[in-house]
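These notes concern the structure reproduced below.
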Amino acid sequence: MRFWFVAALALSVGDAHAALPDFFEIETGWMSGMVVGSDDTTRAYLGIPYAEPPIGTLRWRPPQPPVSWNALYEAIEYGPACPQLPRAEGSFYGSLNEELDEDCLYLNVWSAAAGPEEKRAVMVWIHGGAFTRGSGARPFYDGAALARKGVVVVTLNYRLGVFGFLAHPALNAESEHGASGHYALLDQIAALQWVQRNIGRFGGDPDNVTIFGESAGSMAVSALVATPRARGLFHRAIGESGALLDRMSTLADASAAGEELMENAEAQDLDSMRALSTERLLEIASDNSVVFPHIDGWLLTEPIRDTLAAGRHADVPILVGSNADEGTALVSDQVPDSWDVFVADIEKRYGERAEKFFDLYSADADGGARGAFMSSTRDSFFTCQMRRWADASTKAYLYYFTRVPPHEESARYGAFHGAEIPYAFDNLDARVFAAAFEWEAPDRELAEKISGYWVNFAKTGDPNGDALPHWPAYDAEAGAYLELGDSVRAGTHLRRAACDFFDRSDGS
416 MRFWFVAALA
426 LSVGDAHAAL
436 PDFFEIETGW
446 MSGMVVGSDD
456 TTRAYLGIPY
466 AEPPIGTLRW
476 RPPQPPVSWN
486 ALYEAIEYGP
496 ACPQLPRAEG
506 SFYGSLNEEL
516 DEDCLYLNVW
526 SAAAGPEEKR
536 AVMVWIHGGA
546 FTRGSGARPF
556 YDGAALARKG
566 VVVVTLNYRL
576 GVFGFLAHPA
586 LNAESEHGAS
596 GHYALLDQIA
606 ALQWVQRNIG
616 RFGGDPDNVT
626 IFGESAGSMA
636 VSALVATPRA
646 RGLFHRAIGE
656 SGALLDRMST
666 LADASAAGEE
676 LMENAEAQDL
686 DSMRALSTER
696 LLEIASDNSV
706 VFPHIDGWLL
716 TEPIRDTLAA
726 GRHADVPILV
736 GSNADEGTAL
746 VSDQVPDSWD
756 VFVADIEKRY
766 GERAEKFFDL
776 YSADADGGAR
786 GAFMSSTRDS
796 FFTCQMRRWA
806 DASTKAYLYY
816 FTRVPPHEES
826 ARYGAFHGAE
836 IPYAFDNLDA
846 RVFAAAFEWE
856 APDRELAEKI
866 SGYWVNFAKT
876 GDPNGDALPH
886 WPAYDAEAGA
896 YLELGDSVRA
906 GTHLRRAACD
916 FFDRSDGS
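Just so we're on the same page, the working numbering is the position in the sequence shown counted from 1, plus 415.
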């Protein structure tokens, strides 16, 4: 049961411990959470609605304000995850194992504040999953450990796939802005607006909010930094392995994909599309047919790389980086069949610049087609994108994660895409992906350091602090970065030759 009618709210508004009250009121009504851990001061508030359910006539519309309740809302269970297709059987990243429902716009809060007057820094997590999968409720996103370090943590769900990104001429005509297809980003903005209005009740400071995310979540962070529609809703940004700095499709492209999808659905108009079942839409829409941010003329008015280059983005401190083996778990099914096939693909893509590419990635140095493919994928899509983002920022910190998490297939996967997440959340003991990890003392030490850097950055805009190796700020001339691995040490000009190549190749 989510709701309890309360006859005795006034009888229990706190306890002897320095913690938030048992019950308190936010904009939509009275609520309670639950104590987590053994310290009796850290509380979790799960499954809080931040918008009206986007169902029925609200499917493919901007999120609407949440509905108030009259009873006590017990925020002790995660809300449903947004509809999505399951991963392939045996996927390294595992299955979601959560209830799915279009009524999915919920967020979760963790706080160890003693009261609303504390005004702790706030960290808002945007999950990854290629904009088609995931939720804010995965075990390794649990915010309790970070909350105990002195911040208030928020995780959230947002619409995915066809529900989050469908564009169509009829939707453009319906919109007061003449644009469609960014419902996922609008959900994230609505959650940030909720934070501004309510986080003070949890001991958080609405004037000190850091957004952070990984993979597609990090791409979303880059979009939120770029769009004027999110201006003032956050004050720092952390991006882990993802930025939307390549070429972007247009509203016309996205709308054409939407027209094709409607045709495949045999739907005559928006009313009939909105009447289709969730399951039918998931069946019709392939994972990547309509699931990416695009230039819509309102939320994103130009390619994000142009926004950054011209300084038209939110001028906030950023902390960004990538992992040493981004491709191993992510694109292993896309490895070319042979070196000759790989060479032909590169020559087609880069033309006369292919010779320079093979100066950087060779069969001997990288271990054949697989090694060269993985190394170039890491550099072009991740490491160099994050450097480019740092180059465009007034204040930036750049990292490179190299620790290989210990498990039975460590040699195959290395420091894989997403490997840093449980370290950043200091959640090594949570269920992580599908592998059985056998954490060692160096992993726990590294988790303490990385989570410490992230929390310090959220609090002050500078990751440095007592007992942490110094992390020099990044600038294009010095190229400083911090390696986060078996050693935590500063370096300069990470993958410089490769990144210079991909920058000149327009990031392709």
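All C-beta atoms, glycine included, are put in the ideal place defined by N, C-alpha and C.
Next on the checklist: If you reduce the DSSP assignment to three classes, tell me which class M663 lands in.
Outcome noted: Of the three classes helix, strand and coil, the one that applies to M663 here is coil, per DSSP.
Next on the checklist: Let me make sure I understand the geometry here. Which of L897, A645, R574 and F617 has the alpha-carbon closest to that of P531?
Outcome noted: P531 has its Cα closest to that of F617, out of L897, A645, R574 and F617.
Item to check | Contact belief for N613 with E442 at Cβ below 8 Å, rounded distance in angstroms | outcome: The beta-carbon separation of N613 and E442, rounded to 6 Å, stays under the 8 Å limit for a contact.
Checklist entry - P480: which of N623, A635, V610 and S737 sits nearest, CA to CA? => result Minimum Cα distance to P480 is reached at V610.
Next on the checklist: Please state whether the Cβ-Cβ distance between P884 and R904 is less than 8 Å.
Outcome noted: In terms of Cβ geometry, P884 and R904 form a close pair [threshold 8 Å].
Checklist entry - Does the stretch 537-545 come close enough to the stretch 459-475 that 3 or more CB-CB pairs lie under 8 Å? => result Short answer: they don't touch.
Checklist entry - For L685, which residues from the same chain have a beta carbon less than 6 Å from its beta carbon, with the 5 sequence-adjacent residues on both sides left out? => result Same-chain partners within the cutoff: A585.
Checklist entry - What are the uninterrupted segments assigned as alpha helix (DSSP H) that are 4 or more residues long and contained completely in the stretch 563-597, given in chain order? => result Those alpha helix (DSSP H) runs which fall completely within the stretch 563-597 and span 4+ residues are 576-580 and 584-589.
Checklist entry - Looking at the structure shown, is I626 part of a helix, part of a strand, or coil, going by DSSP? => result In this structure, DSSP gives I626 an extended state, which the three-state scheme calls strand.
Item to check | Which listed residue (A913, F872, V566 and E698) has its alpha carbon closest to that of I733 | outcome: Per the Cα distances, F872.
Item to check | D724 in three-state terms, based on DSSP | outcome: It should be noted that the sequence gives Ala, not Asp, for residue 724. A724 falls in the helix class under three-state DSSP.
Next on the checklist: Since N738 and D557 should fall inside the 8 Å C-beta cutoff, what is the C-beta to C-beta distance between them, to a whole number of angstroms?
Outcome noted: 21 Å between Cβ atoms; not a contact.
Next on the checklist: Can you give me the C-alpha to C-alpha distance between C497 and G549, rounded to a whole angstrom?
Outcome noted: Roughly 8 Å separates the two Cα atoms.
Item to check | As assigned by DSSP and simplified to three states, the class of T443 | outcome: In the three-state reduction of the DSSP assignment, T443 falls in the coil class, being assigned neither a helical nor a strand state.
Checklist entry - Looking only at C-alpha atoms, which of G712, D620 and G444 sits nearest to S664? => result Closest option to S664, Cα to Cα, is G712.
Item to check | Whole alpha helix (DSSP H) elements within the stretch 826-903, 4-residue minimum | outcome: You should have 836-839 and 856-875.
Item to check | Residues of its chain near A606, where Cβ-Cβ distance is below 6 Å and the 5 sequence neighbours each way are ignored | outcome: By the criterion of a C-beta distance shorter than 6 Å, A606 is surrounded in its chain by Y465, L522 and L571, once the five residues flanking it on both sides are discounted.
Checklist entry - Can you round the beta-carbon distance between L660 and W804 to whole angstroms, since I take them to be within the 8 Å contact cut? => result L660 to W804, Cβ: 6 Å. Contact.
Next on the checklist: Looking at A700: is its Cβ nearer than 8 Å to the Cβ of G576?
Outcome noted: Result yes, Cβ atoms of A700 and G576 sit closer than 8 Å.
Checklist entry - For T809 versus A830, is the C-beta distance shorter than 8 Å? => result Going by C-beta atoms, T809 is not nearer than 8 Å to A830.
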